[in-house]
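Residue numbers (this note's numbering), protein chains in the order written: chain A, 39 to 208; chain B, 39 to 208.
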């Protein structure tokens with residue numbers, strides 16, 4: 039009961055917070071017809087990553103409630119309705135940390151970089167692509183069809199984990 | 039109304055999800071008397087970071103609702119009740135990514151590393167330390183007093199941002 043009361047309180051606070059991001063009425067990505075899910079920036083954290091090389095970014099992987107529950111339950115394949123979001127930012131040194139540590143060693147998220155990506159699970163709608171729809175947006179606009187054709191071939195190396203690269207970080 | 043209904047639904051889902059972390063009845067950290075806040079792993083994301091050098095970890099900075107709202111509103115100093123959590127994991131290469139890209143370039147969160155840290159804002163209780171209480175836990179156990187004496191001197195280089203290193207990643 040206490041738990042439900044707390045959850046209700048949290049819901050009221052959440053309902054009061056202005057949405058941070060998400061354009062539910064924006065353009066849909068080609069091939070898969072996915073729009074940016076409203077409020078995805080408020081989703082819970084799955085994991086974090088750093089891409090070296092030309093991508094050179096710091097990224098966060100967030101999941102909607104269905105995705106988070108599946109991860110925590112160790113459920114594979116992911117159930118329909120699961121959505122995984124990948125946000126990325128420029129990889130920049132933190133000046134104050136260099137001062138604190140006496141050398142540059144802390145790198146933090148700078149401005150957004152390399153777009154925002156989503157994987158949406160719908161085993162019927164996306165049956166021909168492993169049950170997943172893929173979408174890539176740059177500055178809120180969907181990338182072109184050619185970009186979206188590169189998603190599946192790359193994710194197929196993670197076939198044993200239902201095409202999902204990232205594990206849950208405890 | 040739709041928004042409240044959605045929030046209530048979210049609350050029900052949240053109430054159904056087993057807690058991911060947080061031992062509200064665990065030991066309190068020395069000096070500041072802070073315990074691990076229940077459910078902090080479910081808090082929203084502030085930013086991500088990579089510590090090079092001996093720390094060599096990937097980290098996520100999460101905030102409770104008060105902290106997130108303050109960040110998004112650009113509010114400084116942070117209001118009482120704000121709590122910022124810093125989680126960190128080992129910095130490990132993702133094997134499947136190396137296969138997809140033809141070279142190791144993706145680094146992801148491995149097992150937990152370098153403990154979990156919290157900053158708790160209470161301008162009266164922690165008046166002598168800039169209004170912030172600091173806590174560091176390793177495997178759920180508070181670190182010793184000596185460790186907690188190192189928090190403030192380091193964070194003081196971020197005095198212009200209310201002792202908080204991390205900016206909000208949009």
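Heads up, the beta-carbon is just placed ideally off N, CA and C, and yes, glycines get one too.
May I ask you to report which of helix, strand or coil DSSP gives residue 129 of chain B?
Here residue 129 of chain B sits in strand by DSSP.
Which partner residues does residue 83 of chain A have in the DSSP bridge list?
For residue 83 of chain A, which the question treats as bridged, DSSP gives the partners A:100.
6 Å CB neighbourhood of residue 116 of chain A in its chain, flanking five on each side removed
Answer for residue 116 of chain A: 108, 159 and 200, listed in chain order.
Closest Cβ-Cβ distance between residue 143 of chain A and chain B: below 9 Å?
At least one chain B Cβ lies under 9 Å of residue 143 of chain A.
C-beta contact flag for residue 153 of chain A and residue 161 of chain A at 9 Å
Result no, Cβ atoms of residue 153 of chain A and residue 161 of chain A do not sit closer than 9 Å.
According to DSSP, simplified to helix, strand and coil, what is residue 202 of chain A?
Residue 202 of chain A: coil per DSSP, three-state reduction.
Could you give the DSSP three-state label for residue 191 of chain A: helix, strand or coil?
In the three-state reduction of the DSSP assignment, residue 191 of chain A falls in the helix class.
Spell out a yes or no on whether the segment 97-108 of chain A and the segment 119-131 of chain A are touching, meaning 3 or more CB-CB pairs, one atom from each, closer than 8 Å.
The answer is yes - the segment 119-131 of chain A touches the segment 97-108 of chain A, with three or more Cβ pairs under 8 Å.
Contact with chain B by residue 138 of chain A, beta-carbon distance below 9 Å
Taking Cβ atoms only, chain B reaches closer than 9 Å to residue 138 of chain A, which makes this a yes.
Is there a Cβ of chain A sitting closer than 9 Å to that of residue 204 of chain B, yes or no?
It does; some Cβ of chain A falls within 9 Å.
Neighbouring residues, chain A, relative to residue 170 of chain B (Cβ below 8 Å):
Here the premise fails: no neighbours, minimum Cβ distance about 15 Å.
Got a sec? Which residues, its chain only, sit under 6 Å from residue 150 of chain B by beta carbon, not counting five neighbours each side?
The answer, listed in chain order, is 127.
Residue 204 of chain A versus residue 70 of chain A - alpha carbon distance:
Note on geometry: alpha-carbon atoms of residue 204 of chain A and residue 70 of chain A lie some 21 Å from one another.
Tell me, please, whether the CB atom of residue 177 of chain A is closer than 9 Å to any CB atom in chain B?
Against chain B, the CB of residue 177 of chain A has no partner CB under 9 Å away; the residue lies outside that interface.
In angstroms with no decimal places, state the Cα-to-Cα distance between residue 178 of chain A and residue 88 of chain B.
Between residue 178 of chain A and residue 88 of chain B, the C-alpha separation is close to 26 Å.
Count the other C-beta atoms from every protein chain shown that fall within 10 angstroms of the C-beta of residue 176 of chain A, then say buried if there are 16 or more, exposed otherwise.
Note on residue 176 of chain A: under 16 other CB atoms within 10 angstroms of its CB, so exposed under the neighbour-count rule.
Three-state secondary structure (DSSP) of residue 183 of chain A:
Residue 183 of chain A sits in a helix when the DSSP states are folded into three classes.
Quick check: what's the CA-CA separation for residue 92 of chain B versus residue 206 of chain B?
Residue 92 of chain B and residue 206 of chain B: Cα-Cα distance of roughly 25 Å.
Neighbourhood of residue 164 of chain B by C-beta distance below 8 Å, restricted to the same chain and skipping five residues each side
Here the set comprises 70, 158, 170 and 171.
Comparing C-alpha positions only, which one of B:90, B:82 and B:142 sits nearest to residue 141 of chain A?
Of B:90, B:82 and B:142, the residue nearest in Cα terms is B:90.
Between residue 87 of chain B and chain A, is the shortest Cβ-Cβ distance under 9 Å, so that the two count as touching?
Taking 9 Å as the threshold, the shortest C-beta distance from residue 87 of chain B to chain A falls below it.
Of the residues A:121, A:166 and A:194, which one's Cα is nearest the Cα of residue 77 of chain A?
Nearest of A:121, A:166 and A:194 to residue 77 of chain A, Cα basis: A:121.
At a Cβ cut of 7 Å, what residues of the segment 188-202 of chain A count as close to chain B, listed as they run along the chain?
Legend: CB atoms of the segment 188-202 of chain A lying less than 7 Å from CB atoms of chain B belong to residues 192, 195 and 196.
Tell me, please, whether the CB atom of residue 124 of chain B is closer than 9 Å to any CB atom in chain A?
The beta carbon of residue 124 of chain B sits no closer than 9 Å to any beta carbon of chain A.
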